[in-house]
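306 is the number that UniProt numbering gives to position 306 of the sequence shown; each next residue is one higher, with no gaps.
Beta carbons: idealized from backbone N, C-alpha and C, even for Gly.
All values derive from a computational prediction rather than experimental measurement.
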Amino acid sequence: MLHLVLFILIFAPILFQMKQSILFLALILMVGKSAFSQVPTLSEKSKVSLLTCAAGDELYYAFGHSAFRVQDPTLGIDVVYNYGTFDFNRPNFYLNFVKGKLIYSLSRRNFDSFLFEYELEKRWVKEQIFDLSLAERNEMLQFFENNYLPENRDYLYDPLLNNCSSIVGDILIDQFGDSINFDGSYLEKRYTFRELVRQHLKINSWSAFGIDLAFGSVVDRKATLKEHMFLPYYAMKQIRNTTKDGKPLLERERIVLDYGKYVKNGSFAASPLFWFILLFLFTGVITYVDYKHKTRSRWLDFSLFLITGLIGLCLMLLWLATDHTSTPKNFNVLWAVPFHIFIAFVIIFQKQLPNWFSKYIWFAIASLGVLIILWIAEIQVFSPVLVPILLTMAIRYGYLLKFSKP
């Protein structure tokens, strides 16, 4: 997604059109700081299209991007309406991000400046031109310009339900109503939201693990046909399989920038699975040494319980104290138990474990059992990278249960 305007205009196109076109182009080159003083009437040569941009190396570029383009060579208009813009300098940006109240905005940019960023990053851009009447093209321009008014351009962002790509379907339905028909025959199957997100991330990456960790079971439901469009690549595929009044909406598709698929290479030694396996092996060795010497490594137990407890507390806050729609009902708290925070200090400060401690460990073991059942039943699908952590906790729970017996 385009979130930041890295470059303003590099140069002004050479103008050899009518005087009227020069005036309109001058308005466009203001880089979207204000709407047209008066929305122009498009000519027969005008086009309205959807731009789909390739994924990039940053997490916020990992899913690609969608934007609308309106062009009219007669008037010298060539602008991109981008619903994927946010501002780091907006007050309380990071707090709103955590709380699930992040505001995105519609921005308007000259097409050349929009494209230049993708040329620098060597990311492909494809354009799908809509088969619309002149009246419909003018109505869409009016819609975009009305959306671009300062009082209308901001909206509450949701990564799965309301983003730059999901808005594509919303706008088509808003503009054309029941005449628009989304054909889902191109889908091999309907995917869950989690499956759709994983299609764009390497499962053994920190970003994928973090997203899987934060997502609750609510994302393990199957997305509707239209909901698949929250991903730009699926929105692009859907446009190829959409009709308006029984005729294909897509008039023509072309490649604007042609670059290969971005492939991010990562070292296994830097992956979460590598480090979690090391943690499992390390815990296994320490537990074996403890067993042989009939001791308990309090520092290890304190670290495991405190860290997992803090993770669980964060997940509970995301579930109960934010407006995120994708984080409720997160059963990762069955292994990252928030109560572990308090138990960690019992473990570190008391050499002799209290009598009730064994009951708490049984509770923790039972929680792991419930998690496995939920996973098998696909009520919540957990990251496979999590397995070494579960084994680590299970080993230590088992030893602490044995150690706490009189």
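Can you tell me whether residue i is helix, strand or coil according to DSSP?
i	result
Val80	strand
Val289	helix
Asn152	coil
Leu29	Note that Leu29 has pLDDT 38, beneath the 50 cutoff, so the model's placement of it is unreliable and the number below is only indicative. Coil at Leu29, not helix or strand.
Asn146	helix
Asp301	helix
Lys261	coil
Thr74	coil
Thr242	strand
Tyr104	strand
Arg194	helix
Gln20	Here the model assigns Gln20 a pLDDT of 36, short of 50, so the residue's position is not dependable and the matter cannot be decided.
Arg396	helix
Glu119	helix
Phe68	strand
Phe182	strand
Lys99	helix
Val387	helix
Arg221	coil
Val48	strand
Glu251	strand
His3	Confidence at His3 is low in this model, with a pLDDT of 33, below 50, so the placement of that residue should be treated as unreliable; the coordinate-derived value is given next. Looking at His3 - three-state DSSP - the assignment turns out to be coil, as it is neither helix nor strand.
Asn92	coil
Ala35	Unreliable placement is indicated for Ala35, whose pLDDT of 47 sits below 50; the coordinate value is still reported in the next sentence. Ala35 falls in the coil class under three-state DSSP.
Ile379	coil
Glu188	coil
Cys164	coil
Measuring straight from C-alpha to C-alpha, what distance separates residue i and residue j?
i	j	result
Ser43	Glu251	17 Å
Pro321	Phe305	In the sequence as displayed, the identity of residue 321 is Ala instead of Pro. Their Cα atoms are separated by approximately 23 Å.
Leu231	Arg137	25 Å
Arg90	Lys99	15 Å
Arg198	Tyr94	25 Å
Lys405	His340	20 Å
Leu75	Leu374	59 Å
Lys264	Trp206	13 Å
Ile22	Gly84	Here Ile22 scores only 33 on pLDDT, less than 50, and its place in the model should not be relied on; the value that follows carries that caveat. Between Ile22 and Gly84, the C-alpha separation is close to 29 Å.
Phe209	Gly309	18 Å
Ile361	Gln238	50 Å
Asp158	Phe382	22 Å
Ala366	Asp301	19 Å
Phe116	Tyr60	18 Å
Can you tell me whether residue i is buried or exposed, with buried defined as 16 or more other CB within 10 angstroms of its CB?
i	result
Ala377	exposed
Arg221	exposed
His324	buried
Trp335	buried
Gly169	buried
Thr287	buried
Leu386	buried
Gln350	exposed
Phe88	exposed
Ile211	buried
Thr242	buried
His293	exposed
Pro73	exposed
Thr254	Inspection of the sequence shows that residue 254 is occupied by Arg rather than by Thr. Arg254 comes out exposed.
Phe345	exposed
Gln380	buried
Phe342	exposed
How many whole angstroms separate the CB atoms of residue i and residue j, which I take to be in contact at a CB cut-off of 8 Å?
i	j	result
Val48	Phe68	7 Å
Ala364	Tyr397	5 Å
Ser326	Val219	5 Å
Gly56	Glu121	6 Å
Thr392	Thr295	Not confirmed; about 19 Å, so no contact.
Leu315	Val333	5 Å
Asp278	His228	Inspection of the sequence shows that residue 278 is occupied by Leu rather than by Asp. With a Cβ gap of about 38 Å, Leu278 and His228 do not count as contacting.
Give a yes or no on whether the C-beta atoms belonging to residue i and residue j are separated by under 9 Å.
i	j	result
Tyr233	Gly64	yes
Pro388	Phe268	no
Leu225	Phe182	yes
Arg108	Phe86	no
Tyr118	Cys53	yes
Ile203	Tyr155	no
Pro338	Gly312	yes
Gly216	Lys329	yes
Tyr186	Arg240	yes
Phe130	Leu249	yes
Phe114	Asn82	yes
Ser66	Ile167	yes
Leu160	Phe111	no
Trp124	Leu257	yes
Glu151	Gln175	no
Val80	Ser46	no
Taking 8 Å as the cut-off, is the beta-carbon of residue i closer than that to any non-hydrogen atom of the ligand MN?
i	result
Ser66	Of the ligands one can find in the structure shown there are none, so the ligand MN has no counterpart to examine.
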